[in-house]
Amino acid sequence: MRTRPSSQHRLPTFTTRNWVGLIIGVVAFCFPLVFTLPGLSTQGHRMLAIFLLAIVFWVSEAIPLVATAMVVILLEVLLISTSAILPVDESALPASDYYAALAHPVIILFLGGFLLAYGAAKYGLDRNLAAVMLRPFQGSGRLTVLGLMLISALLSMFMSNTATTATMFAVVIPILAVMPTARSRAGLALAIPVAANIGGIGTPVGTPPNAIAIGALADAGIHVSFLQWMVFAVPLMLVVLAFGWWLIVTMFIPPATPVELHLDPDFDQSVPARIFYIVAGLTVVLWMSEPIHGISASTVGLIPVAILLATGVVGAKELGELQWSVLWLVSGGIALGVGVGASELDAWLLGSVNWAGLPAMVLIAALALLGLGMSNVISHSAAANLLVPLTLTLGTASAAGSTQLTIIVALACSLGMALPISTPPNAIAYATGEVPVKHMGQVGILVGLFGTLLLALAMPTVLGWLV
38 MRTRPSSQHR
48 LPTFTTRNWV
58 GLIIGVVAFC
68 FPLVFTLPGL
78 STQGHRMLAI
88 FLLAIVFWVS
98 EAIPLVATAM
108 VVILLEVLLI
118 STSAILPVDE
128 SALPASDYYA
138 ALAHPVIILF
148 LGGFLLAYGA
158 AKYGLDRNLA
168 AVMLRPFQGS
178 GRLTVLGLML
188 ISALLSMFMS
198 NTATTATMFA
208 VVIPILAVMP
218 TARSRAGLAL
228 AIPVAANIGG
238 IGTPVGTPPN
248 AIAIGALADA
258 GIHVSFLQWM
268 VFAVPLMLVV
278 LAFGWWLIVT
288 MFIPPATPVE
298 LHLDPDFDQS
308 VPARIFYIVA
318 GLTVVLWMSE
328 PIHGISASTV
338 GLIPVAILLA
348 TGVVGAKELG
358 ELQWSVLWLV
368 SGGIALGVGV
378 GASELDAWLL
388 GSVNWAGLPA
398 MVLIAALALL
408 GLGMSNVISH
418 SAAANLLVPL
428 TLTLGTASAA
438 GSTQLTIIVA
448 LACSLGMALP
458 ISTPPNAIAY
468 ATGEVPVKHM
478 GQVGILVGLF
488 GTLLLALAMP
498 TVLGWLV
């Protein structure tokens, strides 16, 4: 008698949504290959097919997001590179240009950030820092929420927002137990994912959309340093964070809510931990002083990887626990941008609409709101992957400017936080059972709209001064 195979060896079950996404994606892919569009080259038709497939697959999640990223690179190599299985013209790029997206400087930068985040969790640095920094915020519920949000945002600037949220909830669970009402518990639980999402916009390593934007700008010959990004993103982050705190405490935390914290930091004093503290501190200092020493942020990101592996502070086997799927997803977005430019699909899209006739403010607001809307229903990375390749070209036809438009749209893609599916921090908060979807939606929509409108109205002027 044959036994049934173990469940761990079975293929994932496809839902109706998966099948619908697959069918629509294949139809969208075939459309430009079957029908001729005026003014679009052969390679442009093929790239449009890839782009439409990516849109449908990333929106519907017909297959895993990272799988779509790899499919994009594979199809670009097979259809529009010099190694294509079909004839291409002389403007085609070699396959190595698309494979290079997997080791793009931005990927190396993020790799360094991920390794530092992993080390911080391994040696308890994140929790101990949170415990130390929360001490001044005891006694008042509203003050405690402020402290939690400031610390979550700060950690999220250098760690993934998912890791930050998981870390902070480990600290917060005892605090939730002493909150007097279900509504105040919901507010406290909501404060962490909101702050983690907002904090990620502050640095290039804070969230994947930042990396996608910086990578696209770098490929266009526009360099944005680590410090430059922080100079214009951190003030925005602080204003949106202050609004988020005010909104949460106004809606959920009465003024007289008492909270007593009993947090005792216990820093690891072992030699490996001390080495990690020194390397992490040095890396952050080098990132923020790039204009002084001239070492690129990506090269600095490789320093902790080399030192921590060489000293055994982080083992080679532990590398497998990093978020490689996120790195590959960002790579897919970079490759998509390369293909859109190489096939001149961007020029064709540019010529199809009189973008120059649109006021800069209208174009910025429309694309920022589109980024916000998309990032509420698909991953922030996927939304940025789809929009950033277009912003570089659209910006050249508008007074908005490519750099401004690309950065603003990338930041808007990090503000989607209205649903449990919008971002992993939201899912973690929802999983506690303390946060109703209605409350998450109310706060997420209002904070997202506030941040996006601030981006559209104020950031063009700020970026004009700095870039």
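The sequence shown runs 38 to 504 under the working numbering.
Note that beta-carbon positions come from the ideal geometry of N, C-alpha and C, so glycine has one too.
Measure the C-alpha to C-alpha separation of residue i and residue j and round it to an integer number of angstroms.
{"i": "Ala397", "j": "Thr443", "result": "13 Å"}
{"i": "His46", "j": "Leu366", "result": "24 Å"}
{"i": "Met38", "j": "Ile249", "result": "With a pLDDT of 48 at Met38, under the threshold of 50, the modelled position of that residue is not reliable, and the figure given next carries that caveat. Roughly 53 Å between the two C-alpha positions."}
{"i": "Thr105", "j": "Ala421", "result": "14 Å"}
{"i": "Glu471", "j": "Glu327", "result": "42 Å"}
{"i": "Phe487", "j": "Ala466", "result": "22 Å"}
{"i": "Pro142", "j": "Thr294", "result": "48 Å"}
{"i": "Thr287", "j": "Phe263", "result": "35 Å"}
{"i": "Ile371", "j": "Lys354", "result": "28 Å"}
{"i": "Ile482", "j": "Ala207", "result": "26 Å"}
{"i": "Leu115", "j": "Leu123", "result": "8 Å"}
{"i": "Ile145", "j": "Val125", "result": "31 Å"}
{"i": "Leu171", "j": "Val276", "result": "21 Å"}
{"i": "Gly178", "j": "Arg311", "result": "34 Å"}
{"i": "Asp256", "j": "Glu113", "result": "17 Å"}
{"i": "Leu319", "j": "Gly149", "result": "12 Å"}
{"i": "Pro473", "j": "Leu227", "result": "10 Å"}
{"i": "Gly453", "j": "Ser412", "result": "5 Å"}
{"i": "Ala33", "j": "Leu386", "result": "One cannot answer for residue 33 here, as it falls past the ends of the chain, which runs 38 to 504."}
{"i": "Glu127", "j": "Tyr136", "result": "19 Å"}
{"i": "Met196", "j": "Val96", "result": "26 Å"}
{"i": "Gly161", "j": "Ala154", "result": "10 Å"}
{"i": "Leu339", "j": "Leu429", "result": "28 Å"}
{"i": "Pro292", "j": "Met186", "result": "17 Å"}
{"i": "Gly478", "j": "Ala468", "result": "15 Å"}
Ignore the nearest five residues each way along the sequence and tell me which others in residue i's own chain have a CB closer than 6 Å to its CB.
{"i": "Leu180", "result": "Phe174"}
{"i": "Ala233", "result": "Ser189, Ser193, Asn198, Thr201, Thr202, Pro462"}
{"i": "Trp266", "result": "Pro241"}
{"i": "Val271", "result": "Gly239"}
{"i": "Ala167", "result": "Ile188, Val208"}
{"i": "Asn165", "result": "Pro302, Phe304"}
{"i": "Ser335", "result": "Pro142, Ile145, Leu146"}
{"i": "Leu77", "result": "Trp385"}
When you compare the CB positions of residue i and residue j, do they come within less than 7 Å of one another, or not?
{"i": "Met194", "j": "Ile229", "result": "no"}
{"i": "Leu192", "j": "Thr201", "result": "yes"}
{"i": "Leu492", "j": "Ile445", "result": "yes"}
{"i": "Gly281", "j": "Val231", "result": "yes"}
{"i": "Phe289", "j": "Ser368", "result": "no"}
{"i": "Phe147", "j": "Leu364", "result": "yes"}
{"i": "Val268", "j": "Phe313", "result": "no"}
{"i": "Ser451", "j": "Gly236", "result": "no"}
{"i": "Ala405", "j": "Ala455", "result": "no"}
{"i": "Met84", "j": "Leu382", "result": "yes"}
{"i": "Ala86", "j": "Gly62", "result": "no"}
{"i": "Gly58", "j": "Ser380", "result": "no"}
{"i": "Ile251", "j": "Thr440", "result": "no"}
{"i": "Leu323", "j": "Val337", "result": "yes"}
{"i": "Val409", "j": "Thr489", "result": "Residue 409 is actually Leu in this sequence, not Val. For Leu409 and Thr489, yes; Cβs fall inside 7 Å."}
{"i": "Val103", "j": "Ala253", "result": "no"}
{"i": "Pro245", "j": "Ala447", "result": "no"}
{"i": "Leu373", "j": "Val109", "result": "yes"}
Which two residues bound the contiguous alpha helix (DSSP H) that contains residue i?
{"i": "Leu123", "result": "Taken as a continuous stretch (DSSP letters only), Leu123 belongs to no alpha helix (DSSP H), as it is neither H nor E."}
{"i": "Asp256", "result": "245-256"}
{"i": "Cys67", "result": "53-71"}
{"i": "Gly376", "result": "361-379"}
{"i": "Asp163", "result": "162-171"}
{"i": "Gly281", "result": "263-289"}
{"i": "His260", "result": "Per DSSP, His260 belongs to no alpha helix (DSSP H) and is neither H nor E."}
{"i": "Arg47", "result": "First-last for Arg47: undefined, no H or E at that position."}
{"i": "Val322", "result": "308-325"}
{"i": "Val472", "result": "Note, Val472: premise wrong, no alpha helix (DSSP H); not H, not E."}
{"i": "Leu442", "result": "439-449"}
{"i": "Thr460", "result": "Note, Thr460: premise wrong, no alpha helix (DSSP H); not H, not E."}
{"i": "Phe206", "result": "198-215"}
{"i": "Gly76", "result": "Run containing Gly76: none; DSSP gives neither H nor E here."}
On the DSSP bridge assignment, give the partners of residue i in chain order.
{"i": "Val296", "result": "Gly176"}
{"i": "Leu130", "result": "Ser118"}
Within the same chain, show all residues whose beta-carbon is closer than 8 Å to that of residue i, passing over the 5 residues directly before and after it, in chain order.
{"i": "Pro131", "result": "Ser118, Thr119, Ser120"}
{"i": "Ile92", "result": "Ala65, Leu423"}
{"i": "Phe68", "result": "Ala86, Leu89"}
{"i": "Val375", "result": "Glu113, Leu130, Asp134, Tyr135, Ala138, Asp256"}
{"i": "Met216", "result": "Gly178, Arg222, Leu225, Thr294, Val296"}
{"i": "Asn55", "result": "Ser97, Glu98, Ala99, Ile100"}
Among residues of its own chain, excluding the 5 on either side of residue i, which ones have a beta-carbon nearer than 7 Å to its beta-carbon?
{"i": "Val316", "result": "Pro341, Ile344, Leu345"}
{"i": "Leu284", "result": "Val480, Leu483, Val484"}
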